[in-house]
Structures are given as C-alpha cells and as structure tokens.
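Visitor: Chains as they are written, first to last, in the working numbering: chain A, 226 to 421; chain B, 413 to 688; chain C, 11 to 392. Note that the Cβ used here is the ideal one computed from N, Cα and C, for glycine as well.
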Amino acid sequence: MEHVIKHTEFQDIYEIRLSGSGGQGLIFVGTVLAEAIGIYDGKNVTQTQSYGPEARGGASRSDIVVSRSEIYYPKTTKLDLLLALTQEACDQYCLALKEDGILIIDSSLVTQLPLREVLGFPFTQIAKEKLKTPIVANIIALGTIGALTKIVSKKALIEAVKKRAPKGTEELNLKALELGFGLPRKRRNRRSREKK
Amino acid sequence: MEQMTKITYRYLRTKKKFPSVWCSGCGIGIVFGTLIRAIDNLKLGKDQIALVSGIGCSSRMPVYADFNTLHTTHGRALAFATGVKMAKPELSVIVITGDGDGLAIGGNHFIHTARRNIDITTILLNNNTYAMTGGQYSPCTPFEKYGTTAPFGNVERPFDPCDLAKGSGAVFVARGTTYHVIQLQKLIEKAIVKKGFSLVEVVCHCPVIYGRLNREGSAVEMMKWQRKHAVSIESAQRMSPEKLKDKFLTGVLWDIEFPEYCEEYEKVIARAQGRS
Amino acid sequence: MEEKVKEKKEILLQGNVACAQGALAAGLNFFAGYPITPSTEIAEYLAKNLPKYGGKFIQMEDEIASISAVIGASLAGAKAMTATSGPGFSLMQENIGYAYIAEVPCVIVDVQRGGPSTGLPTKVSQSDTMQARWGTHGDYHSITLAVSSVKECFELIIRAFNLSEKYRTPVILLMDEVIGHMREKVTLPQPEEIKVFNRWKPTVPPEWYQHFEINPHFISPMASFGEGYRFNVTGLTHDPLGFPTAKAQEIKDKLDKLRNKIEHNINDIVQVKEEFMEDATSAIFAYGSAARSARQAIRIARQKRIKVGLIQPTTVWPFPDVYMEHMSDKLELILVVELNQGQLVNEVLRTNCGRARIRRLNRYDGELITPDEIFKRLREVR
Chain A
226 MEHVIKHTEF QDIYEIRLSG SGGQGLIFVG TVLAEAIGIY DGKNVTQTQS YGPEARGGAS
286 RSDIVVSRSE IYYPKTTKLD LLLALTQEAC DQYCLALKED GILIIDSSLV TQLPLREVLG
346 FPFTQIAKEK LKTPIVANII ALGTIGALTK IVSKKALIEA VKKRAPKGTE ELNLKALELG
406 FGLPRKRRNR RSREKK
Chain B
413 MEQMTKITYR YLRTKKKFPS VWCSGCGIGI VFGTLIRAID NLKLGKDQIA LVSGIGCSSR
473 MPVYADFNTL HTTHGRALAF ATGVKMAKPE LSVIVITGDG DGLAIGGNHF IHTARRNIDI
533 TTILLNNNTY AMTGGQYSPC TPFEKYGTTA PFGNVERPFD PCDLAKGSGA VFVARGTTYH
593 VIQLQKLIEK AIVKKGFSLV EVVCHCPVIY GRLNREGSAV EMMKWQRKHA VSIESAQRMS
653 PEKLKDKFLT GVLWDIEFPE YCEEYEKVIA RAQGRS
Chain C
11 MEEKVKEKKE ILLQGNVACA QGALAAGLNF FAGYPITPST EIAEYLAKNL PKYGGKFIQM
71 EDEIASISAV IGASLAGAKA MTATSGPGFS LMQENIGYAY IAEVPCVIVD VQRGGPSTGL
131 PTKVSQSDTM QARWGTHGDY HSITLAVSSV KECFELIIRA FNLSEKYRTP VILLMDEVIG
191 HMREKVTLPQ PEEIKVFNRW KPTVPPEWYQ HFEINPHFIS PMASFGEGYR FNVTGLTHDP
251 LGFPTAKAQE IKDKLDKLRN KIEHNINDIV QVKEEFMEDA TSAIFAYGSA ARSARQAIRI
311 ARQKRIKVGL IQPTTVWPFP DVYMEHMSDK LELILVVELN QGQLVNEVLR TNCGRARIRR
371 LNRYDGELIT PDEIFKRLRE VR
C-alpha cells in the first residue's frame, strides 16, 4: 500500500499573529481566540507564544494556526492576519504577512505605517475613553478581528471571553468585545460620509 | 553505666557489622548514645523516628540505629528531611549533620528550613573541621586555627551556628557539649518535643583530626577544655563580660512560638478544598 | 473542581498544564520545585490544584533542595515529582544519581530551553537529550521519555510515573519550550481509561525484609518509612539490606541489578511511534517538538510520492537499539532531525548495522525547525 497525501489534506492553513509588547495581554487574547476557534467553532488550532525574558516591557507575540485538518507544525510561516499593537511589532512583523494578508494596527500607538493596506483603529484610545481603562484594548482588537474576518464567529468569541476572562471582569470584557465588533462598521460609515 | 549500655544496645542494628567508622576517642559516639537515651526517655517508638543525615563523620550515625534511616548526599539532609516530614508529618524527623555538611554545602538549606519552621530537629555536631576528608578548614574553624587547607592558619571568620539558626527563624536553639552529657540529653529531648524547627549545636571533640592539627591533646584534654570554657546561659547572667571573654554559652539559647509549616499547610489544603 | 476533566470533550490545553493534569491523574501527591522558565506553569498549576486532592506542594530554595525533597517524600510513600529546565536540571543531577542508586521512584520533568548555562530561557531546544542519559556520574541506566504534543504531555507523564513505580527508578520526561507553552485542542482520556501502577509493597514480615532484595525480577518490593520496616537508605554503594559495602561481589551485584531491571524489561519500557512506515524506503527520525515538523514534512514529501516515513521514539532512553538495528537494515536512508548540534544521531549511527545512510539536520538557534527545511534536506540527501 502506498501512502499518498492529497494537497488539500494539510494545507488549508490560516495563520494569525497578535503582537505588541509584554503587558498588553497578547498571550491572553491569543488563548481566547484559540479557544473560540478550536472549541466553540470546532476547527483545529494551535497557539504558541514568543516573548522576551522579561514579563513586561519586552516584545511579545502570540501565534495562532487554524486548520480543518490536524496541525503538525504549530508555528507560523506566512501570516494571513497580523495585529500590531506597537510600532515595534508593526515594523518587525509586517514583512511576515502574505501579500494579501490583513494588517490591523492600533492607530493610537502605531503612527509610522508600512507601504501596504493597513486597517487602523485606535484601540487603546477607545478603551481609555469608553471603558476607562487601557487594559481591554486587546479585547476590543479581538472583536474587530472577529468583525473583519471569517476566521472566527462572534458567538464563539463571546463564549470564549466568558470562559477565559478573570472572575469579575466578564462584563467589562464582553463590552469591550462588542465595542470592537462595532468598529469596522463605524469606520465604513465614516468613510462613506467622507465620500459624500 | 551498664544500664546506659543496655538502653543503647536495644536501639542498635544488630545485623550491622560493628565497629563503627569513628576513630577511638571520637565525640560522635557520645552524641549517638545521648540521642538514643533521649528518644528512649521520651518513649518514642522506633517506627516513629526518621533519622536523616548528609555526608561526613557525624552523618554516618543513622546507619547504626534501628530507626527509619536515610543517609543522603552532602549538605542535603534538611531538604530530604523536608520531603519526608511533609509526606508523613506523624514521623519525628531528626537530622544529624556537621559543621561542614550543615553550614557550608548545606548552608542554604539550613537557613531556609529554619525560616520555613518545619518540625525538624537538627543536631549539628560541630567539630570545627571536615574530619572525614582529613581535616580541611570548615565554616566553623576558629580564626587562626589550622586545617590541612589552612596550613598557615585560618583567615576566615567562623559561623556561630546558634546565631545563624536564630537569625534564620528557628524557634528553638540550644548548645551542648560532648562533656556535659546529662545536659545534652535534656536539650535534645526539649528540641524533639518542640514543634517547629529546632537546632541543638553540640560542641564535639575530634582528637584524631582537628585535635592533632591544632595540638589540642587527647580526647580527655579536649573534653577538659569544654568543661573549662562552657558556661550555662543561666550562670552567664551572673558573670562579668571580662570573665565571659573566652567562654561559650550552653543551654537553651532561644525558645519562641511560631506556627509550624506542616500544620499551616493542612490549612492550605482545607482552603483549597473549600473547607475553610 | 473546575480544572478536573469530568466528561470526554475537546479542550484547549497548554502543554505544561496537560503535564500537571496528567501527573494528578497518575496519583501525584507531592511536588517540590523552584521557579524556572519555561516550566513554571507546571508548578503554578500544582500549587493551586494539588492541595485540592489532598496532595502537597512546596517551593524549595533551589533545584537541589527540590529533588531532595521529592526523594524524601517518595521514601515516605508519596508519588513525587519536580519540574524544571536546563539550569535546574543541571543542579539536580547529583541527587538524580542518588535516586538511581537508592532506587527511589520519582519523576523529573525537564522543559528544555536553549543552553549551555542560562542560555535561552524562552526559546526551544532539545539539547538536554544526552544529559538525561549521562547527566549524573557513575554507571546507571536512565528511563527518559520525550513528548511531541499536548496530548502526549498528559499520556507520557502518566507513563513516566508508572515506569518509575514499576522499576523503582527515577524517570525523566523531556518536554521543550514549544510543547510546554503551546496550547492545542485535545481530548483527554477518562479516569477509568487511565491505568495507574503503584510500587510493589513487601509481603514479608519486617525481620525478613530487604529494601534492596536481589530477586529474579531485579525489582525489590518497597516499604515506606513509618510502616514498621525500619530500613536504611544510603547513596553509598550498599548490600541488599541497604548497608554500605566494600565487598567486590556485593558492589557488582548492586550495579548489575540497576542495569538488569532496565535491560530485562526493555520491551516494556521502549516505545516508538511510526507513521507511513509500511512502504517507506527512507525515514525521518525525530522526537519531541521536532517530530511535529517532521510529520508535516513527510506529508509534503508523500504528496510528491517520496516514500518516507516517521520514526518517533517516545522512549529516548533506553535507546531503541534492536528496533533501530532492524530499521537500518531495512531502510536506505535515515534523516535524524534534532534541535541541537546532534545528540541522538550518534545513537542512530551506533546502531546502524545495515545499509542505511544516516544523515542529519540540526537547528539550534532557538527556533523550531520548519517542515520546509526538513523537506529540503530530505530532497538533498536522497
């Protein structure tokens, strides 16, 4: 018997990187996103992380690989989606994106933009203004990812946030998620107004 | 005397081939006999005692005694004993160590076991040298005394094991000698009964290794030196600093109360299980 | 208890947490450790969850103290383990040797990071493979398992405990930064599906008991402290009663026993996972996280009709000598992929008595080797 592997058996891979600096909760949102995709949406998923020796301040990133078939290599190679919450992360990782990959940045922290299409949202500023704390900027960004891509369902994200959010912060985090979901729509509205 | 020998004999491992590894005139045998009489006097069963030691002359003691005995690696007796005590808190865990084993290579475990206040009785036989390896200077070799690795005199300051234990959080600290055996037995009994980390430092003569290197004479002469220089803490209160100058204190030097580690950990279990 | 898996369902689990959960399932009731990246989550999980099951967790002053406390607890009857990474594993070596000679069951988890020395605390490596075999001094025989997935963390820690209890020996579980920190979707076995082995207890009265009895199985029943047997344990080479010996015959008997209890049971201890080996003419030999990349590389190759399979030893020590001798005779090529400068490749070369060409691929820059690198190398050496 000869084992022949079909192309489709292992190459429907979608790669996501959530990047920024230590303390922005990237490993946490990575876990939430992986939980949503893997458990509530039922796809295969791996989540790995990379960070400096220091817990805070250094570069930090969380990589998620999604596939309908089993995932062997758990790291990313060419990104389909990059979230960059700091200038440093944006500079460092935007070249890892596929040509048609999606780049989402926190426009309140990333000001020097690469020469490609960028979707910018002021996550940190919105978190401070609307929810009175910058710490949920990561969850707002997660909501935005949910709205902009088909990689994860809104229902799954809500369930995963409920499960993974630290006790007592569920409501705050769900509000942040909802806020994030609404951002792309607002942006489109604003754009269409500008056109007029 | 015959009575004392009979008691000791009851606790020896008869299958073990004697004589012991200790030199003739060594003080460790005196401490061994004293420890056995203390255990016998407290009416503790043989199964209830775990005797744990590291490496060195004094650490050879457990193998001769008919208890649960554990002869570990150099310096680590207290860490092994911590595991034994936590797994079976009902055991009376006694650690036998020396000045090199307990305070040099095992110094870190010594201060942390004291700090944790786990119910372990430590008997530290201080003979001021590494005797098993032939007389190198130890953390308790007095200033300007000799060791084979301090051929021109020791230029390091020695530890005071009792002060170190006290500073690290021990709840019971005492010092005895191989000369004052009745007092030593009482101190060991008190240390075993005490809940928490207790230390008994025994000023122990080593005539063959340390004594020869430092021309301190025979075992008898070294014990005479102990008699002359040991002052009980009670008598010391009535003595002038001048008179205490070249003396060392014996007796119970420190005795306080503090929650014991294993008992505190039972509370952790209760909290984790939602019982409190 | 939220962490206890009650029903069979898919969960997203981190490798380190899976390791800790597996240990609990195996009956762990004592853990001593010291914080070190990338193994710390194991200690943190057990600090929280071990007391829920009535077990005990202690953070010791260093790794030397941690392994010491683990051995002490095991002698007093506990199922005990510690978890660490390279620098801590180095510190533990003397007392791991103690556990070998004193035949104390215990499990040591090494979540490998780059070295030598402090090296790369947050980056992956497989460079402790030889240390797991030869880390401490003297003649001894190591049982070492290596995991390549979150599920294997759970399964193989249980196996590590079972082997340790069965053969009265320390067992080392090699993980690495990628497996320890990664989260993946797993379905864990139900409690009733898990086989747990507990050490043989003596059936003789105390006066007949020999803690290191030499019998045809080479495995002595083991009493615990406080059970009335009052035995002696020492790191000095000892006779069957546990008393230090200088007699040539007793010394040889002791060292033979340490070897024979492993060698006579090699078929029970050694396990190798295979994939696509039925028709393979060449194989990739990989273990730990490198085996994941190898699995992907093999699929790329198979797509191009290259007849390659995977040999993944989940037991790295004792090395699967007989199996590899057979494979080296059957195959044309074995490509050994490791995240170090070449450690197990030397064992593959040692056991190569056939016609296979042995080639190597090594990556040691702190990154996980990619499937493409492996495929490229495979094409190069074919």
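(1) Can you tell me the Cα-Cα spacing of A/Gly-277 and C/Gln-351, whole angstroms?
(2) Quick check on C/Phe-241: buried or exposed, where buried means 16 or more other Cβ atoms within 10 Å of its Cβ?
(3) Which class does C/Val-206 belong to by DSSP, given the choice of helix, strand or coil?
(4) In the region 569-582 of chain B, which residues sit with their C-beta less than 9 Å from some C-beta in chain F, listed in chain order?
(5) Residues of chain B with CB closer than 9 Å to the CB of C/Val-280, please, in chain order.
(6) Look up C/Lys-14 in the DSSP assignment and say whether it is helix, strand or coil.
(7) Which parts of the region 483-557 of chain B are runs of the alpha helix (DSSP H), unbroken and 4 residues or longer, counting only runs that do not cross its ends?
(8) What are the complete alpha helix (DSSP H) segments, minimum 4 residues, inside the region 202-281 of chain C?
(9) Near C/Val-15, which residues of its chain fall below 6 Å by C-beta distance, leaving aside the five closest residues on each side in sequence?
(10) Does the count of Cβ pairs from the region 195-213 of chain C and the region 442-451 of chain B closer than 8 Å reach three?
(11) Could you please tell me which residues of the region 294-310 of chain A, in chain order, have their CB closer than 9 Å to any CB of chain C?
(12) Excluding the 5 residues preceding and the 5 following C/Cys-116 in the sequence, name in chain order all residues of the same chain whose CB lies nearer than 7 Å to its CB.
(13) Given a cut-off of 8 Å on the beta-carbon distance, is the pair C/Ser-135 and C/Gln-322 in contact?
(14) Pick helix, strand or coil for A/Lys-421, following the three-state DSSP scheme.
(15) Sort out for me which residues DSSP pairs C/Pro-180 with in a bridge.
(16) Anything in chain B within Cβ reach of C/Ser-78, meaning under 9 Å, just list it in chain order.
(17) With distances taken between CB atoms, is the gap from C/Ile-229 to C/Arg-178 smaller than 8 Å?
(18) Compute the distance between the beta-carbons of A/Gln-317 and A/Thr-336, then report whether it is under 8 Å.
(19) In chain order, what are the residue ranges of uninterrupted alpha helix (DSSP H) at least 4 long that sit wholly in the region 57-107 of chain C?
(20) For B/Pro-563, which of B/Leu-625, B/Ser-652, B/Lys-428 and B/Ile-530 has the nearest alpha-carbon?
(21) Just checking, does the region 449-462 of chain B make contact with the region 38-52 of chain C on the three C-beta pairs under 8 Å criterion?
(22) Using the C-alpha atoms, what's the distance from B/Ala-543 back to B/His-592?
(23) Quick check on DSSP: helix, strand or coil for C/Val-346?
(24) Output, in chain order, the set of chain C residues within a Cβ distance shorter than 9 Å of B/Thr-509.
(25) Along the region 660-687 of chain B, where does the CB come closer than 8 Å to a CB of chain C? Name the residues.
(26) Just to confirm the assignment, what range does the beta strand (DSSP E) spanning A/Tyr-276 have?
(27) Excluding sequence positions up to five away, which residues of its chain have a Cβ less than 7 Å from the Cβ of C/Ala-307?
(28) Mapping DSSP to helix, strand and coil, what is A/Gly-326?
(29) Strictly under 8 Å for the Cβ-Cβ distance: is C/Tyr-110 near chain B by that measure?
(30) Just the Cα atoms here: how many angstroms apart are A/Gly-255 and A/Gly-405?
(31) Report the CB separation of B/Ser-470 from B/Ile-440 in whole angstroms; it is logged as a contact under 8 Å.
(32) Assign C/Val-214 to one of two classes, buried (16 or more other C-beta atoms within 10 Å of its C-beta) or exposed (fewer than that).
(33) Which residues bound the alpha helix (DSSP H) around C/Glu-357?
(34) For C/Val-157, which three-state DSSP category applies?
(35) Give me, in chain order, the residues of the same chain whose beta-carbon lies closer than 8 Å to that of B/Gln-460; leave out the 5 immediate sequence neighbours on both sides.
(36) Below 8 Å between beta carbons: does that hold for B/Val-605 and B/Gly-588?
Guide: Taking the geometry as given:
(1) For the purposes of this step, residue 277 of chain A is taken as the residue at position 52 of the first sequence. For the purposes of this step, residue 351 of chain C is taken as the residue at position 341 of the third sequence. Near 24 Å, if we compare the C-alpha coordinates of C/Gln-351 and A/Gly-277.
(2) Mapped onto the third sequence, residue 241 of chain C falls at position 231. Flag for C/Phe-241 reads buried.
(3) Here residue 206 of chain C is taken as the residue at index 196 of the third sequence, counted from 1. In the structure shown, C/Val-206 sits in coil (DSSP, three-state: anything other than H, G, I, E or B).
(4) Structure shown: chain F not included; protein chains present are A, B and C.
(5) For the purposes of this step, residue 280 of chain C is taken as residue 270 along the third sequence, with counting starting at 1. Under the 9 Å cutoff, chain B gives no residues; its nearest Cβ is about 30 Å from C/Val-280.
(6) The count along the third sequence starts at 1 and reaches residue 14 of chain C at position 4. Low local confidence applies: a pLDDT of 49 at C/Lys-14 is under 50, so the model's placement there is unreliable, with the coordinate-based value given in what follows. Coil.
(7) 489-499 and 519-528
(8) 258-273 and 276-279
(9) As a working note, residue 15 of chain C is residue 5 in the third sequence. At C/Val-15 the pLDDT is 46, less than 50, meaning the model places this residue with poor confidence and gives no usable figure here.
(10) no
(11) Glu-295, Ile-296, Tyr-297, Tyr-298, Pro-299, Lys-300 and Thr-302
(12) Your numbering for residue 116 of chain C matches position 106 in the third sequence. If we look at C/Cys-116 and ignore the five residues flanking it on each side, its Cβ neighbours are Val-80, Ile-81, Ser-84, Ala-90, Met-91, Ala-109, Ser-174 and Pro-180.
(13) In the third sequence, residue 135 of chain C corresponds to position 125, counting from 1. In the third sequence, residue 322 of chain C corresponds to position 312, counting from 1. Not in contact: C/Ser-135 and C/Gln-322 (Cβ atoms no closer than 8 Å).
(14) Residue numbering aside, residue 421 of chain A sits at position 196 when the first sequence is read from its first letter. Note that A/Lys-421 scores a pLDDT of 49, beneath 50, so its modelled location is shaky; the value from the coordinates is reported in the next line. Here A/Lys-421 sits in coil by DSSP.
(15) Here residue 180 of chain C is taken as the residue at index 170 of the third sequence, counted from 1. BP columns for C/Pro-180 point to C/Cys-116.
(16) One-based indexing of the third sequence puts residue 78 of chain C at position 68. In chain order: Thr-484, Thr-485, Arg-488, Ala-489, Leu-490, Ala-491, Phe-492, Ala-493, Thr-494, Gly-495 and His-521.
(17) To locate residue 229 of chain C, count along the third sequence from 1; it is residue 219. To locate residue 178 of chain C, count along the third sequence from 1; it is residue 168. Result yes, Cβ atoms of C/Ile-229 and C/Arg-178 sit closer than 8 Å.
(18) Against the first sequence, residue 317 of chain A aligns to sequence position 92. Against the first sequence, residue 336 of chain A aligns to sequence position 111. Not a contact, by the Cβ cut-off of 8 Å.
(19) 73-85
(20) By 1-based counting over the second sequence, the position of residue 563 of chain B is 151. Closest option to B/Pro-563, Cα to Cα, is B/Leu-625.
(21) no
(22) The residue labelled residue 592 of chain B in the question sits at position 180 within the second sequence. The residue labelled residue 543 of chain B in the question sits at position 131 within the second sequence. C-alpha separation (whole angstroms): 22 Å.
(23) Reading the third sequence from its first residue, position 336 is the one you call residue 346 of chain C. C/Val-346 falls in the strand class under three-state DSSP.
(24) Start at 1 with the first residue of the second sequence, and residue 509 of chain B comes out as number 97. By Cβ distance, chain C contributes nothing, its closest Cβ being about 13 Å from B/Thr-509, past 9 Å.
(25) Tyr-677, Val-680, Ile-681, Arg-683, Ala-684 and Gln-685
(26) On the first sequence, residue 276 of chain A is found 51 positions in, with the first residue counted as 1. Here the beta strand (DSSP E) through A/Tyr-276 covers 269-276.
(27) Here residue 307 of chain C refers to the residue found at position 297 of the third sequence. Contacts found: Ile-294, Pro-381, Ile-384, Phe-385 and Leu-388.
(28) Mapped onto the first sequence, residue 326 of chain A falls at position 101. In the structure shown, A/Gly-326 sits in a strand (DSSP, three-state: E or B).
(29) The residue labelled residue 110 of chain C in the question sits at position 100 within the third sequence. Taking Cβ atoms only, chain B never reaches closer than 8 Å to C/Tyr-110, which makes this a no.
(30) Working through the first sequence from its first residue, we reach residue 255 of chain A at position 30. Working through the first sequence from its first residue, we reach residue 405 of chain A at position 180. Approximately 16 Å between the Cα atoms of the pair.
(31) As a position in the second sequence, residue 470 of chain B is number 58, starting the count at 1. As a position in the second sequence, residue 440 of chain B is number 28, starting the count at 1. About 5 Å; that satisfies the 8 Å criterion.
(32) Position 204 of the third sequence, counted from the first residue, corresponds to residue 214 of chain C. C/Val-214 is exposed by the Cβ-count criterion.
(33) Within the third sequence, numbered from 1, the residue matching residue 357 of chain C stands at position 347. Segment 355-360, the alpha helix (DSSP H) holding C/Glu-357.
(34) Within the third sequence, numbered from 1, the residue matching residue 157 of chain C stands at position 147. C/Val-157 falls in the coil class under three-state DSSP.
(35) Against the second sequence, residue 460 of chain B aligns to sequence position 48. Correct list, in chain order: Glu-502, Leu-503 and Ser-504.
(36) Here the question's residue 605 of chain B lines up with position 193 in the second sequence. Here the question's residue 588 of chain B lines up with position 176 in the second sequence. Against a cut-off of 8 Å, the Cβ pair of B/Gly-588 and B/Val-605 comes out as no contact.
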